[in-house]
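Novice:
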Amino acid sequence: MKNVASLLLLLILISSCGNKSELEKKPVSRNVIILLDLSDRILLENQIARDKSTINAIFQTYLNLIKDTIVAYDKEFNRISDKFSVRIAYQKNIPYDKQHFENILQFDFARKDANNAKFILQDFPKQLSTELDNLYNAAKFSDNSKDYHGADIWKFFSEDLDNLISDDDNSINYLFIITDGYLYFENYKENIKQTNRRPDMQFLSELRNKNWEEKFDKEDWGLIPLNKQFPNLKVCVLEIAPNDFWNEFDLLKKVWSKWLTEMGIDRNNIYFSKSENTEVTTSLVKKVLR
3 MKNVASLLLL LILISSCGNK SELEKKPVSR NVIILLDLSD RILLENQIAR DKSTINAIFQ
63 TYLNLIKDTI VAYDKEFNRI SDKFSVRIAY QKNIPYDKQH FENILQFDFA RKDANNAKFI
123 LQDFPKQLST ELDNLYNAAK FSDNSKDYHG ADIWKFFSED LDNLISDDDN SINYLFIITD
183 GYLYFENYKE NIKQTNRRPD MQFLSELRNK NWEEKFDKED WGLIPLNKQF PNLKVCVLEI
243 APNDFWNEFD LLKKVWSKWL TEMGIDRNNI YFSKSENTEV TTSLVKKVLR
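Numbering (my numbering), first residue to last: 3 to 292.
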C-alpha cells in the first residue's frame, strides 16, 4: 500500500512538472496573411459580400484561436507573437491608396503592451469591418470590366511575400488568397520565351479536353516559376469561380498546385475552395488554421 501511495505521489509530481513545462513554452506563433484580388471579379453578383464574409470567417476563426492561447497562457500577452495582415494584389491605375488600407488592416502582437492587446481584441474587429467596407467601395470604381487591370499575384509572390513571412521555428505562416483563380500577369509579357510556361492562363484553352492531365504533365504546361522557396507556408485559395467547362476546377487546381509546389510549398499544405456559402468556407478555414 505504501508503494502504491509513493507511486501515485511520483506521478502527480511528474504531471505537475510537465504542466509547468508546457506553460513555460512559447506558444506557436500564427502569421495570417489575406491577399485580395480586386480586379473585375468584384463586379460579379454578390461577390463583394462573399469576399467580406470569407475574410470575416478567416479573422473570427483566427481571433478565437488567439483567445484560446491567451486563456491557456494565463493572459501573459508577452508570450504571444501572432500577426494578421490584409494585402491587396497590385493593379495598374487604381483610384485608391493601396498602402493606406494595408497599413490599417493589420496587427502584430509583437508590441508587448496591454493597450496593443486591448486594441487587437476589442477595437480591431470593428476597424476591420469598417475599413473593408471602405476598401471595397473604393475598389469598385466602375461597372465596366474593361476599366480594371488584372491583379498581379505573381508580383506579390515575387516581391512582397518574403517580407511578410515569419521564418523562426516556432511560427506557422498562412496565406489565404481570395481570387477567382485566373491569373493574369500583364507586366511580364515582354519576357516570355517560346515554352509552355506562361505569365497568364491563356494556355487553358489547350487543355480543355479529356486528355488534359497527361498533356499538362508531358508537355510541361503551367505558369512561369519563381526562383523563391516558401517551405513554411500553408496556402488556401478561396472563392475560385471556374468557367463552365467540365474539367475547369480540376485544371485550375492543377496549375496552382504545380506553381506553388515549385516554390517549395508542401502539396499537403495547399487547399482550394470554389465560391461557396459561408458554412463551407468556415469549415475549410478551421481545417487549415487548426
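Idealized CB from N, CA, C, for every residue including glycine.
As the structure is a computational prediction, the values presented were derived from the model and not from experiment.
Counting only beta-carbon separations shorter than 8 Å, does Asn139 have a partner in chain C?
Specialist: Judged by its chain identifiers, the structure shown contains no chain C, having just a single protein chain.
Novice: Around the C-beta of Pro97, are 16 or more other C-beta atoms found within 10 angstroms, so that it is buried, or is it exposed?
Specialist: By the 10 Å Cβ count, Pro97 comes out exposed.
Novice: Buried or exposed for Ser41, please, with buried defined as at least 16 other CB atoms from any protein chain shown within 10 angstroms of its CB.
Specialist: By the 10 Å Cβ count, Ser41 comes out buried.
Novice: Quick one: what does DSSP say Arg32 is sitting in, helix, strand or coil?
Specialist: Strand.
Novice: Report the three-state DSSP secondary structure of Tyr186 (helix, strand or coil).
Specialist: Strand at Tyr186.
Novice: Tell whether a beta-carbon distance below 8 Å holds between Glu50 and Tyr138.
Specialist: According to the sequence provided, residue 50 is Ile. The question's Glu does not apply to it. Yes, the pair counts as a contact, with Cβ atoms nearer than the cut-off.
Novice: Determine, using beta-carbon pairs with one atom in the segment 197-214 and one in the segment 69-76, whether at least three such pairs fall under 8 Å.
Specialist: No, the segment 197-214 does not touch the segment 69-76.
Novice: Determine the closest residue to Met39 out of Glu47, Thr56, Gly224, Ile90, with distance taken between C-alpha atoms.
Specialist: The sequence shown places Asp at residue 39, rather than the Met named in the question. Selected option, being the one with the closest Cα: Ile90.
Novice: With H, G and I counted as helix, E and B as strand and the rest as coil, what does DSSP make of Lys212?
Specialist: Looking at Lys212 - three-state DSSP - the assignment turns out to be coil, as it is neither helix nor strand.
Novice: Just verifying my parser: in three-state terms, what is the DSSP assignment at Arg43?
Specialist: Arg43 falls in the helix class under three-state DSSP.
Novice: Which value, in whole angstroms, describes the spacing of the CA atoms of Leu225 and Val237?
Specialist: Their backbone Cα atoms lie some 17 Å apart in a straight line.
Novice: Going residue by residue through the segment 229-254, where are the continuous beta strand (DSSP E) segments of at least 3 residues, counting only ones entirely within it?
Specialist: Within the segment 229-254, the complete beta strand (DSSP E) runs of at least 3 residues are 235-242.
Novice: Since Tyr92 is in the beta strand (DSSP E), which residue starts that stretch and which ends it?
Specialist: Premise fails: Tyr92 is in no beta strand (DSSP E) and is neither H nor E.
Novice: When the Cα atoms are used, what is the spatial distance from Lys28 to Ser160?
Specialist: Approximately 31 Å, taken between the alpha carbons.
Novice: Have a look at Leu166 and Phe205 and give me their C-alpha separation to the nearest angstrom.
Specialist: Between Leu166 and Phe205, the C-alpha separation is close to 31 Å.
Novice: So, using beta-carbon positions, are Arg32 and Tyr176 closer together than 8 Å?
Specialist: Yes, the pair counts as a contact, with Cβ atoms nearer than the cut-off.
Novice: If you follow the beta strand (DSSP E) that Tyr273 is in, where does it begin and where does it stop?
Specialist: Note, Tyr273: beta strand (DSSP E), 272-276.
Novice: For Val257 and Val290, I'd like the C-alpha separation in whole angstroms.
Specialist: Those two C-alpha atoms are separated by around 21 Å.
Novice: Roughly how many angstroms lie between the CA atoms of Asn66 and Glu221, to the nearest whole one?
Specialist: So the alpha carbons of these two residues sit roughly 46 Å apart.
Novice: Does DSSP classify Lys85 as helix, strand or coil?
Specialist: Here Lys85 sits in strand by DSSP.
Novice: Going by DSSP, which residues form a beta bridge with Asn175?
Specialist: DSSP output for Asn175 lists Asn33, Leu235 as bridge partner(s).
Novice: Might you give, ordered along the chain, the residues of its own chain that have their beta carbon closer than 6 Å to the beta carbon of Tyr186, omitting 5 neighbours on each side?
Specialist: If we look at Tyr186 and ignore the five residues flanking it on each side, its Cβ neighbours are Gly152, Asp202.
Novice: For Asp53, does the three-state DSSP call read helix, strand or coil?
Specialist: Asp53: helix per DSSP, three-state reduction.
Novice: Run through DSSP, which three-state label would Arg200 get?
Specialist: In the structure shown, Arg200 sits in a strand (DSSP, three-state: E or B).
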